[in-house]
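Undergrad: One structure coming up, written as structure tokens, with questions to follow.
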Amino acid sequence: MTQPVPMTEIWRGPMAESVHLGHAVICASGGEIVEAWGDPATTILPRSSSKMIQALPLVTSGAARVHGLTSEQLALACASHNGAAIHTERVNRWLADLGLSDDNLRCGPQDPDDKVAHKALLCSDTSPCQVHNNCSGKHAGFLTLNRHLGGSAEYIDPDHPVQKAVLDAFETVTGETSPFYGIDGCSAPNHASSLHGMARAMAWFAGAREGVDANQTAAIQLWQAMVAHPELVAGEGRACTELMRACKEPVALKTGAEAFFIAILPTRKMGIALKITDGGTRGAECAIAALLVRLGVLDADHPATRKFMNAPILNRRGIEIGMIKPSAALV
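Residue numbers (this note's numbering): 674 to 1004.
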């Protein structure tokens, strides 16, 4: 099947009022497809779901070791964070350790999604900084790699050594030549692949073995950092954070803009990539939860699962009037 298939349904009363269509692939560590829905060959932009790939050169180059980066910093390099104090304070310290400041970032300012941080800015009549950008940890990683490589200040340029290293890593782990790139919300290039290629990359992370080579050792460091610090990868209330905490075994999860989602399952040496074609985040969150339940790493009745899969829809009076649930094909 080459067309997107129903993945998430929005029920009101006795009918599915809306349906999110999409594609999904589960891969084994050798790159072979275990299960697929829709079209595995569809071309996608993984957006922020590719951050652990973009962070590989930070580790393989030796930059992370030379600068003494911690697992918290590696988690932030893979993060799309809420801009809470636990995120911004750590990124600011990271920049200071490099002798740099907010002005050296190229991600642009963003109003934080964290309610406390948002309120603090409003009450102080202060504008958000670039460090509040959900990608500021990734960009701190880029700056660290750039310091190691000796590149120019414009580290986001596609022809910059930092981005050339990122593209090389991306093509290596997806097993494909990227056909093009788009510019992400944080101004960095985001490279395209097939959905199968992205699932293959996540399965490669899951099957990496310590000491085989620099890439595999780096992959382990990165997924372990994500699993160790789920609150840094996203934030309180977010699907990445909540579901990583709820899984019965180590699982690294990462969302991407326009309803992309990945999962790295090291115990099973599997990787998942999925895309909801209409860009609806609720559809992607429900679908990834359903696939984790399908694989037995997440309980369907866990409170965190129920926030995203089979989640009740309440009206203004708090009365349950519907449900967000996965399609029959996923369960």
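Glycine is no exception: its CB is placed at the ideal position from the N, C-alpha and C atoms.
Does DSSP put H760 in a helix, in a strand, or in coil?
TA: Correct three-state label for H760: helix.
Undergrad: Using CA atoms only, rank isn't needed, just tell me which of G995, G929 and C959 is closest to S722.
TA: Nearest C-alpha to S722: G929.
Undergrad: Give a yes or no on whether the C-beta atoms belonging to F981 and A962 are separated by under 8 angstroms.
TA: In contact: F981 and A962 (Cβ atoms closer than 8 angstroms).
Undergrad: Mapping the DSSP letters down to three states, classify G686 as helix, strand or coil.
TA: Correct three-state label for G686: coil.
Undergrad: So the alpha helix (DSSP H) P730 belongs to, where does it begin and stop?
TA: Start and end: L729 to T733.
Undergrad: Kindly indicate which three-state DSSP category H805 falls into: helix, strand or coil?
TA: Helix.
Undergrad: Can you tell me the Cβ-Cβ gap for A907 and H754, rounded? I've got them flagged as a contact below 8 angstroms.
TA: That pair is a contact at about 6 angstroms.
Undergrad: For M928, list the residues DSSP reports as bridge partners.
TA: Sequence check: residue 928 is Thr here, not Met. Partner(s): F934.
Undergrad: Do you know offhand how far S800's Cα is from Y854's?
TA: Taking the straight line joining both Cα atoms gives about 31 angstroms.
Undergrad: How many Å lie between L987 and A874 at the Cα?
TA: Cα-Cα distance, rounded: 38 angstroms.
Undergrad: Please report whether the beta-carbon of R989 lies at a distance below 8 angstroms from any beta-carbon of chain D.
TA: The structure shown has no chain D; it contains just one protein chain.
Undergrad: What three-state label does DSSP hand E958 in the structure shown?
TA: Note: E958 maps to helix in three-state DSSP.
Undergrad: In terms of residue numbering, what span does the alpha helix (DSSP H) encompassing K792 cover?
TA: Start and end: K788 to C796.
Undergrad: Could you tell me the distance, in whole angstroms, from the CA atom of L773 to the CA atom of A826?
TA: Each residue's alpha carbon lies about 11 angstroms from the other.
Undergrad: Comparing C-alpha positions only, which one of C959, G814, I994 and T681 sits nearest to S734?
TA: Out of C959, G814, I994 and T681, G814 has the C-alpha closest to the C-alpha of S734.
Undergrad: Does the count of Cβ pairs from the segment 854-863 and the segment 697-712 closer than 8 angstroms reach three?
TA: The answer is no - the segment 697-712 does not touch the segment 854-863, with fewer than three Cβ pairs under 8 angstroms.
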